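Below is one structure, written out as structure tokens; comments come after it.
Numbering (the UniProt record's numbering), first residue to last: 1 to 898.
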């Protein structure tokens, strides 16, 4: 891979890329310099302030000690005066002493005799020898009257650390006469510690000029000299002591590791207490003094660091964006260079045009023309002119008036490109001596100029047209195909709706085409279809469209028709076109047509709806004689749809076990006892309730569902008989109706045998009822089927006798067991004498053939009495009992008295 272009790009744009990090580095350096300088100034200010604070606190502490020492001295002088005034009889423990001075464990006053023994004390103590105490020895050795401030020591009477103050007692002759002393706890001397000013680790300390610490306090802890907060070597070093003793006051920073036991550095301020041999020391903890500054410094450095990181990220992003922008510009330059070379040498015509507006410089004025600013050689060749002649020319001058109007169309499209900013379109250009050419235009408007690229797409356009033609044309007949119709019809329907005119679809199916195709071969069938297409085109109007939708089906689209009569006239012309036989290579064949017609908007407003309705109308013609036409009839169509829906419901009822059985008893006339029952099927419809057989049995017969329905009934009856048999009660036989279609189209005997075995039912408990029409089929088949059932032990009955076409010889030959007379004859018994005569003849005939007679439809007591007189064997009807639902036991009636 050649990396030289990329390397060249980086070298050319390195200054622009490196500008960002250099600029960011300068900003970062300036920012950090400013921040650090500001923090350094703040640090120095805080340091100076801490020194001033330490010195000020030391001065304040010195003033406090001056007042405290003066008060203690006043107390000592007052006690000395009272001692002398009382003739050395003053007792500090007595009632006269309280109120003169504080009397607490941290402050007590006592008088020591010349012998060094404690004479009296504000705190009750036993006699104590203090002659070894420094405050006693100091006063005994002195001749003057000075206040002694001693080191901290352990009080012998209290056991606590105290600081002794003493004054000399002198006799009348000026000789040493004892000591008056005050013992003060160090806490009393450091009680002025202020946590607000000194914090939790500040320090107050009293340093004697002898270099000994009198009292100290750090925070809440008070120290005596032997437990001083100062390190052991600190005060022993000459530097600090010299500094403290040499000047009356000052401040400095002391290293904690070297000078303090707790290792914390402090700002020490000191001030000599005037008139007393001590120095007041105040210490401000450096860490506490700089705590706020440390937080500010930490936050400032953190924010500055974050800002620096953000600046670095921004710099990287800016570098990336700058690099990307530069790279894009570089790529654009390369593309421009390549495009310039390509347009000059390529096969595409390229033009740069400027819009000329009508008589005004107003940008909103209409565009009247375009001026060519530049073009390439290929573009000039499209107009057959040299490139120099094209520059500055206007489009209106390049297109003559007789160019077929395509110049005006080009001008219009370029105007649209100026308004929209971009346009891509195909334009047809007429050619004088040949077929038209097609060019694809791509126009882009930018900065007042229109860039137009044009290239020849004639070949691809012709190929596309050919593909479209093939996709929309039936290859066998040359007629439009279903794909074309699907694309054409929606627009045609919309035009009809807009014009509010009638439109028709003729759905044509050929009659007899399959015969030709099967006998003469597919080639003959194809030839026949081509001839049909020709006749159809001649039969319809020139504006009508004939479409082959597949196989031997055609659609005729009739637009702008006046009324139904005009449509019927066209349909009749189509039928007339099929009157003559079709002559093909294999011979001549008669072929007809069945035509279904749907109208817009009467029969539908959508394509699929109209096609469906035309197909439905054609189907009616196909099933009722053919070679005719029929308009779509919505009522007829709805009835067919309802029938289809009912068939689907019935099929679902069989699958969902919605059939239930009722049982109507038959009674023997002679005894009045129940001798048999007839199983009657009902449909427990989920929405319409219990349906009678008349509501669904004819539909089942017609659709063939009667066969599975009959098998279900046989199985349910056998299952019910088995259930009743398990109740240990007598069970009478149950008769089952078998329809003619079921009897003729299925092996009823096998169905019965399997059901009896499956449920363990005796064949004698089952009777089969057959209508007379069941026996009109093949005599051999009927006889064999009946014989097989009788061999099983199943009784046979003729149902609805008198309504069919059975003969006496047939009844005799088939050997039935029971003859059930139709209810129509029962109804005539009380109406006419002929009814009674006819019924008598039936009974006589049946008895002669060895059959029992059952009268159906017995509804009155009179009918029952008359049938008894006629010697009828059994009765069945509403007078005897309504059909009864199944229960746990067989619903046998009580003995009926006739």
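Glycine is no exception: its CB is placed at the ideal position from the N, C-alpha and C atoms.
Values in this document were obtained by computation on a predicted structure and should not be read as measured data.
Own chain residues within Cβ distance below 7 Å of residue 864, not counting five before or after | 858, 875, 879 and 898
Of all the options 382, 492 and 498, which has the alpha carbon lying nearest to the alpha carbon of residue 900?
-> For the chain, the structure presents residues 1 to 898; residue 900 sits outside this window and is missing.
Classify residue 515 as buried or exposed, calling it buried when 16 or more other Cβ atoms lie within 10 Å of its own Cβ.
-> exposed
Segments assigned beta strand (DSSP E), at least 3 residues, entirely inside the segment 473 to 540 = 502 to 511
Distance CB(residue 556)-CB(residue 594) smaller than 7 Å = no
Would you kindly work out how many angstroms separate the C-alpha atoms of residue 441 and residue 370, rounded to a whole number?
-> When rounded, the distance between both Cα atoms is 15 Å.
Residue 144: which of 691, 168, 523 and 615 sits nearest, CA to CA?
-> 168
Give a yes or no on contact between the segment 714 to 724 and the segment 753 to 761, applying the rule of three or more CB pairs nearer than 8 Å.
-> Remark: three or more beta-carbon pairs, one from each stretch, lie closer than 8 Å, so the segment 714 to 724 and the segment 753 to 761 are flagged as touching.
To which residues of the same chain is residue 893 closer than 7 Å at the C-beta, ignoring the five residues directly before and after it?
-> 665, 667, 674 and 881
Distance, Cα to Cα, residue 366 vs residue 326?
-> If you take the alpha carbons of residue 366 and residue 326, they lie about 40 Å apart.
Assuming residue 765 and residue 798 form a contact by the criterion Cβ under 8 Å, report the distance between their Cβ atoms to the nearest whole angstrom.
-> Contact flag wrong, Cβ pair sits at about 20 Å.
Please work out which residues of its chain come closer than 6 Å, Cβ to Cβ, to residue 717, disregarding the five sequence neighbours upstream and downstream, and give them in chain order.
-> Excluding residues within five positions, the ones whose Cβ falls inside 6 Å are 679, 734 and 736.
So what does DSSP say about residue 892, is it helix, strand or coil?
-> If DSSP states are grouped into helix, strand and coil, residue 892 belongs with coil.
Taking the alpha carbon of residue 264 as the point to measure from, which residue in 200, 208 and 314 has its own alpha carbon closest?
-> Comparing Cα-Cα distances from residue 264 to each of 200, 208 and 314, the minimum goes to 200.
Around the C-beta of residue 611, are 16 or more other C-beta atoms found within 10 angstroms, so that it is buried, or is it exposed?
-> buried
Is residue 391 helix, strand or coil by DSSP?
-> Annotated three-state conformation of residue 391 is coil, per DSSP.
Nearest candidate by alpha-carbon position, reference residue 643, set 273, 698, 686 and 663 = 698
Reduced DSSP secondary structure (H/G/I, E/B, other) of residue 846 | helix
According to DSSP, is residue 652 helix, strand or coil?
-> helix
Backbone CA spacing between residue 106 and residue 220 [nearest angstrom] = Roughly 16 Å separates the two Cα atoms.
Take every Cβ of the segment 176 to 186, pair it with every Cβ of the segment 36 to 50, and state whether three or more of those distances are shorter than 8 Å.
-> No, because fewer than three Cβ pairs between the segment 176 to 186 and the segment 36 to 50 fall closer than 8 Å, the two stretches do not touch.
Where does residue 371 sit, in a helix, a strand or coil, going by DSSP?
-> strand
Identity of the residue in 574, 211, 247 and 66 nearest residue 554 by Cα = 574
Short check: CB of residue 978 to CB of residue 92, under 7 Å?
-> Nothing can be reported for residue 978, as the shown portion of the chain is limited to 1 through 898.
So what does DSSP say about residue 704, is it helix, strand or coil?
-> coil
Classify residue 70 as helix, strand or coil using the three-state DSSP reduction.
-> Residue state, collapsed to three classes: helix.
Please report how far the alpha carbon of residue 212 lies from the alpha carbon of residue 294, in whole angstroms.
-> 36 Å
So what does DSSP say about residue 826, is it helix, strand or coil?
-> helix
Limits of the beta strand (DSSP E) - the one that residue 437 falls within | 434 to 446
At which residue ranges does the segment 165 to 223 contain complete beta strand (DSSP E) runs of 3 or more residues, listed in the order of the chain?
-> 176 to 184, 203 to 208, 213 to 218 and 221 to 223
By DSSP, does residue 269 sit in helix, in strand, or in coil?
-> strand
Looking at C-beta atoms only, is the number of pairs between the segment 42 to 62 and the segment 276 to 295 that lie closer than 8 Å three or more?
-> yes
Top-ranked residue by Cα proximity to residue 705, from 647, 685 and 687 | 647
Can the beta-carbon of residue 271 be found closer than 7 Å to that of residue 84?
-> no
Kindly indicate the opening and closing residues of the beta strand (DSSP E) around residue 453.
-> Here the beta strand (DSSP E) through residue 453 covers 449 to 456.
Have a look at residue 266 and residue 229 and give me their C-alpha separation to the nearest angstrom.
-> 12 Å
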